[in-house]
Amino acid sequence: MYMNQTSLKVLEYVQYSDVTYDIYPSPRDFLKNLTELTFSSNISPELLINLTQTCHNLFLLDVVIIYHVPKELVDLITIQKNLKCFGMMIHDGPKDEINSIPLLTMELPKTLTRFVVVGGNYKISLSFLVNFTNLQELEISFDFSECIESFEKLQDAIFPQLQILIIKYSCPRMEFLIKFLKNNGKNLKKIHIDVDDCESGISEDSDVDSINSLNLTIAKYCPNIRKLSTGFSDKALETLKILFNNCQYLESIKIWCGDRFLNEKEALETVLKYSKNIYEIILQYQFDLKFELFPSELESFFIDWKKRIPQKPLSFVIIDSAFCKNRLDKNVENMKIIETYTKLGVVKNFEIGDYS
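Going by my numbering, the first residue of the sequence shown is number 6, and it counts up by one from there.
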């Protein structure tokens, strides 16, 4: 494969198979202006050496770890002068290579503002993150809760500039997460926490209590959030009201519905009555709802939304789920009502999206 661009700024080169495709740069300095680079660790050593020799001003570097962590990757990181965003996704590899990943991070500049760790089903220590005190955005995702046990090492860490916290797929132990938020919640503007994997190890009621404690912590220690994604149990309406009262800047909320979480009517009515600046509602479904939303109830919600002061058109998003067969968009009459109020301008945007 020949590269002929003389001023390439963004490059993505990831190969998941064992087949190697060589890249022959022409001219040799085609990468000198590169600012964003995404690649897999199993690319040819020659390309990594070329990158190290010519590419010194990366702003963003994302690495997919496949099979091993080459020395040339460490060299590439070491010579960066302006790196601010770093991400690593662990795709596959033997245990000894996975265990060496924290050593790789020692070469990263401590001035990073964004760090993304996608650990999959691998268990790695997160203790290295405490060194990056300038982080403004931190995203952590693991497939299983036991893989994120090392979040305990972060509970006392202080990130004074942290504005975005994203924890996906698996949730750390609540006591560690709550302490982390007490220490770092003041400046957070976006919080996404997948709480469905939260388990106390005691009982389902204890799980619900843990989630409720998390949301009360957000309400008390995160007053400046603009965007929130979490779950509220069907017994925690008062907690949701407290959150809206304390978090006056909140503009977007994703609410989990179904199973042990709120039903649609409870969620919509509480947002309508108690939020001040919300203009985006995202409903994410887990399992079938205990109570379906009737068309008359949905229309009543839109009528009252139109009366809100200040009046802001609503962005209304439904996250598709194969596990929920009775969500509101499955009712033809509900969809007609949404179409009507979209034409009237009450609904600015309506989407049915996938989980992300």
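Glycine included, each C-beta is placed from N, C-alpha and C at the ideal position.
As the structure is a computational prediction, the values presented were derived from the model and not from experiment.
Report the rounded CA-to-CA distance for residue i versus residue j, giving the unit in angstroms.
i	j	result
phenylalanine 185	cysteine 152	18 Å
glutamine 291	isoleucine 342	24 Å
isoleucine 171	glutamate 142	8 Å
threonine 118	proline 50	28 Å
lysine 278	serine 238	18 Å
lysine 335	alanine 224	33 Å
leucine 78	valine 15	18 Å
methionine 111	valine 135	11 Å
serine 130	lysine 86	26 Å
serine 45	leucine 56	13 Å
glutamate 157	proline 177	8 Å
asparagine 268	isoleucine 169	27 Å
lysine 173	glutamate 256	21 Å
phenylalanine 428	proline 315	As shown, the chain starts at 6 and ends at 361. That puts residue 428 outside it, with no answer to give.
valine 122	lysine 115	16 Å
tyrosine 29	proline 107	At tyrosine 29, the pLDDT of 48 sits below 50, so the modelled position is not reliable; the number obtained from the coordinates is stated separately. Each residue's Cα considered, the two are about 31 Å apart.
Going by alpha carbons, who is nearest to residue i out of the options?
i	options	result
leucine 167	Asn268, Lys173, Gly263 and Glu144	Glu144
valine 337	Ile84, Ser320 and Phe299	Phe299
lysine 240	Asp264, Leu233, Pro107 and Cys252	Asp264
lysine 187	Ile198, Asn217, Asp161 and Asp67	Asp161
arginine 332	Ile106, Lys353 and Lys270	Lys270
aspartate 199	Thr138, Asn220 and Leu193	Asn220
lysine 128	Thr59, Ser326, Val352 and Glu154	Glu154
phenylalanine 164	Asn139, Asn126, Glu180 and Tyr226	Asn139
If you follow the beta strand (DSSP E) that residue i is part of, which residue opens it and which one closes it?
i	result
tyrosine 290	285 to 290
aspartate 97	90 to 97
Span of the alpha helix (DSSP H) holding residue i?
i	result
threonine 40	Element bounds for threonine 40: n/a, residue is neither H nor E.
phenylalanine 120	Run containing phenylalanine 120: none in the alpha helix (DSSP H); it sits in the beta strand (DSSP E), 119 to 125.
serine 305	300 to 311
asparagine 229	Segment: none, asparagine 229 is in no alpha helix (DSSP H) and carries neither H nor E.
Below 7 Å between beta carbons: does that hold for residue i and residue j?
i	j	result
isoleucine 216	glycine 190	no
serine 4	phenylalanine 149	Nothing about residue 4 can be reported from this structure: the residues present for the chain run from 6 to 361 only.
lysine 259	serine 218	no
isoleucine 183	threonine 244	no
isoleucine 323	isoleucine 357	yes
cysteine 262	isoleucine 230	no
tyrosine 373	asparagine 47	Here the chain covers residues 6 to 361 and nothing more, so residue 373 does not appear.
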